[in-house]
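Step one of this worksheet: look at the structure below.
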Amino acid sequence: MKTDTGSSQSQPSELASALPQATLTPSTLYSNPSDHSSASSIPRNGATSLFAHASRFQMGNLQYFDAPNASSITVASGRNVHSEPGASSFFMSAKPGSKESFQPHYNSAGWELLLKNTAPSALYNSDARYDPPKCDEDTRVEVLDKIMGWIEDRESPERLLCMTGAAGAGKSALQQTTAERCASTKTLGAAWFFSAGDDTRNTAKAVVATIAYQLGRTNSSLKQLIANAVEDDPVIFYKSLQAQMVTLIVNPFEQLKGMGVDLSSLPHAVLIDGLDECKEEERQAELLAAIKQCLLTGTLPIRIFIASRPEWAIRTNLEPGGDLHEVAYHIQLSDEYDATNDIRRYLRRNFLDIGRRHGNPKWFSTKDIETLAQAASGQFIFASTVVKYLSQRRGSPAERLKIVLTWTPHEGQHARPFEILDILSTAKEAYEDVDTNSGRDFLLLFRSYHAFSASGLAPTGSPFSLDHLTALLNLESRAWKVVVSDLRSLVTLVEDDKGGFFLRLYHKSFSDFLDQETRAKNLFVSVSTVCEHLASA
C-alpha cells in the first residue's frame with residue numbers, strides 16, 4: 001500500500017483492495033519485524049511503501065481517516081510510528097476489542113475549534129463555580145438515593161429525569177452532589193450548570209458543544225469522531241441546537257457503535273442544572289425539544305437529568321399533554337420531599353462547627369434551631385443563608401443569631417441577612433407588557449389571589465376557589481393561571497376535593513414580604529385595598 005500526501009481521503013474499500021493478503025500485526029509496521037525499536041517511515045512524496053518487507057496481508061474492519069496535521073500514530077501496544085507533518089494518518093481496527101488496533105494521535109483542528117465554542121465555567125468542577133452548593137452530610141438522602149438509583153438503572157425505559165422545585169429548594173446542591181458521585185463512579189458523561197449572572201452560561205449557545213467536549217473525553221475514538229464532525233462542518237456551532245446534537249453527539253455515537261464499540265460501557269449520565277436561568281424562554285423550550293428529538297430516541301446510552309424551577313418551558317412540557325409528559329420521570333422536589341428534618345440536621349451541625357471555632361459551644365439553643373427550621377419552610381437557601389451570615393469570622397455569631405431570630409426591617413437598619421428574590425417585579429413587567437392585559441394592575445390581582453388563599457377572605461365553609469374569585473374580578477376563565485405563571489418558583493396551586501384551586505406559597509419569607517410594607521415598598525398591596533377592590537368589582 002502506498003499513500004500520496006497530495007491526495008484527500010482514501011476509502012476503506014480502496015485501501016483494503018490494494019493490500020496483498022496477509023495477517024496484519026503491529027510488527028508489520030516496521031522495516032525489520034524483529035526490531036520494534038526502529039519504525040519505518042510513513043510514505044513521503046508518495047514514494048515509500050508503508051509496510052516495507054511485508055507480504056500477503058489480510059485486513060478486516062479497516063477504517064481510514066485523513067489527518068493532514070498528523071505528527072505521529074499511536075499503536076495500541078504503546079509504540080509510535082512517526083510521520084512528517086502533512087502526512088496522512090489513519091485508524092485501523094482488527095476485531096472489535098482487539099489490542100491490534102491503531103489510534104490516531106495528533107492535534108485536531110476540529111477538536112480545537114470545538115474547545116473554542118465551549119463554556120468551561122459551566123462544568124461541575126469549574127473554578128468559576130468555586131465552592132458550589134452541595135448536599136451536607138446525611139441530608140437529602142432519600143431524594144439522592146432515588147436520583148442515583150435512576151441513573152444506575154440502565155434498563156429503565158425513562159431516560160430523562162426532570163426535577164423541579166421552588167427557588168431555594170436545593171436543586172443545584174443536589175445536581176452538584178450527583179455530579180460528584182457520578183464522577184467518582186465513572187458514570188458522569190457530562191454536566192452543564194446554567195447561571196443567570198454569567199454571560200458564558202446564561203444562554204443555550206454553548207450547551208451542546210460543552211456536552212460533546214465532555215463526552216469526547218470519555219473515549220478517544222469518540223473524541224476523534226466528534227473532531228472529524230467539526231472539521232467537516234466548521235459552522236455547526238451557528239446552527240440550531242437540534243442540528244448540533246445530531247452532528248456532535250448522535251452521529252459520532254452511531255459511528256462508534258458501527259465500529260463495534262459497546263456503548264453501554266461508556267459514561268452515560270448527562271446533567272443540566274438551572275434550565276430556568278437560561279435567559280430566553282424560547283431557547284429553554286428549544287433545548288428541551290432537541291433533547292427529546294435527538295437524545296431520547298434510538299439506542300443512545302445516555303440518561304439525562306435536568307433540574308429547574310417550574311417555569312413556563314419545563315412546566316408546560318411536563319404537564320399532561322406536554323411533549324415530555326409521557327417520556328420523563330418527574331420529581332417535584334418542593335411538593336414530594338419535606339426537607340425540614342434535613343434542615344434541622346444541617347443547622348445543628350454547622351452551628352456546632354461555628355461554636356468550636358469561636359470556643360463557645362453553647363451559643364445557641366435547640367429552640368433556636370427549631371425556630372429557624374420552621375421559618376425555612378423546607379427551603380435550603382434560607383438555612384444556608386443563615387449559616388453563611390452567622391459564619392462571618394469578624395462577627396459574633398450569638399449577636400448575629402439575635403438579629404436573625406428577631407429581625408424586622410425598618411428604615412436605617414443595616415443588617416439585612418435576607419432579601420426577597422426579584423421575581424415579583426419581573427413577573428409584574430412581563431404580565432403588564434401583554435396588550436390584552438393593558439390597564440390591569442398585576443400586583444393587585446396577585447395580592448387578591450394570595451390574600452384570598454392565605455388570609456381566609458372566603459366565608460367559612462364556602463365552596464369558593466380561585467375560579468369564583470376570578471369571576472368576581474370580571475376576568476376571563478382561569479385568569480389566575482396567567483397571573484401566577486411567572487411565579488411558579490414561589491407559589492404552587494393546590495386543588496381541593498371539590499376541584500377548586502388555591503394558592504400556596506413555598507416561602508414563609510415571601511408571605512412575610514407581601515404582608516409588610518417596609519419590606520415590599522412599592523410592591524406592597526394591603527389586604528384592605530384588596531377588599532375595597534372586590535367590593536367595587
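The sequence shown begins at 1 in the UniProt record's numbering and counts up by one.
Each residue gets a CB set at the ideal place from its N, CA and C atoms; glycine is no exception.
Quantities reported herein were computed from a predicted structural model and do not represent experimental measurements.
- Rounded to whole angstroms, T178 and I226 show a C-alpha spacing of 26 Å.
- Excluding residues up to 5 positions away in sequence, I226, L248 and I249 lie with their Cβ nearer than 6 Å to the Cβ of A212 in the same chain.
- Around the beta-carbon of P267, 16 or more other beta-carbon atoms lie within 10 Å, marking it buried.
- In the DSSP annotation of this structure, the continuous segment of the beta strand (DSSP E) that includes V491 starts and ends at V491 to E495.
- DSSP places T178 outside any beta strand (DSSP E); the residue lies instead in the alpha helix (DSSP H), whose first and last residues are K171 to S184.
- The beta carbon of A290 is closer than 6 Å to those of L241, Q242 and M245 in its chain, skipping five residues each way along the sequence.
- Contact check for T436 against R309 fails: the beta carbons are separated by 8 Å or more.
- For the options L296, L352, T340 and A339, the alpha carbon positioned closest to that of A328 is the one of L296.
- Scanning its chain for C-beta atoms nearer than 8 Å, with the 5 sequence neighbours on each side dropped, one finds around E277 the residues F194, S195, A196 and N202, in chain order.
- In the assembly as shown, R394 is an exposed residue. Its beta-carbon has fewer than 16 other beta-carbons within 10 Å.
- In this structure, DSSP gives R315 a helical state, which the three-state scheme calls helix.
- Of A204, V525 and L469, the smallest CA-CA separation from R283 is found for A204.
- For Q332, the enclosing beta strand (DSSP E) covers residues A328 to Q332.
- Annotation for S121: no alpha helix (DSSP H) segment contains it, and DSSP assigns it neither H nor E.
- Shortest Cα-Cα distance from Q293 to any of L160, S485, S156 and A430 involves L160.
- Sixteen is the threshold: since fewer than 16 other Cβ atoms of the shown chains lie within 10 Å of the Cβ of S425, the residue is exposed.
- The beta-carbon distance between V525 and L444, rounded to whole angstroms, is 6 Å. This is short enough to meet the 8 Å contact definition.
- With a cutoff of 8 Å on beta-carbon distance, L288 and L324 are scored as near each other.
- A Cβ-Cβ separation of about 19 Å leaves L490 out of contact with A173 under the 8 Å criterion.
- Excluding the 5 residues flanking it on each side, N117 has same chain C-beta neighbours closer than 7 Å at A206, A209 and F237, in chain order.
- Rounded to the nearest whole angstrom, the C-alpha separation of E155 and D136 is 30 Å.
- Note that the C-beta distance between V482 and Y449 is not below 8 Å.
- With fewer than 16 neighbouring CB atoms inside 10 Å of its own CB, S365 falls in the exposed class.
- Around the beta-carbon of E476, fewer than 16 other beta-carbon atoms lie within 10 Å, marking it exposed.
- Nearest to I304 by C-alpha distance, out of A190, W111, R478 and A430, is A190.
- Counting along the chain, the unbroken beta strand (DSSP E) around V270 starts and ends at A269 to D273.
- The alpha-carbon of D338 is positioned some 12 Å away from that of G170.
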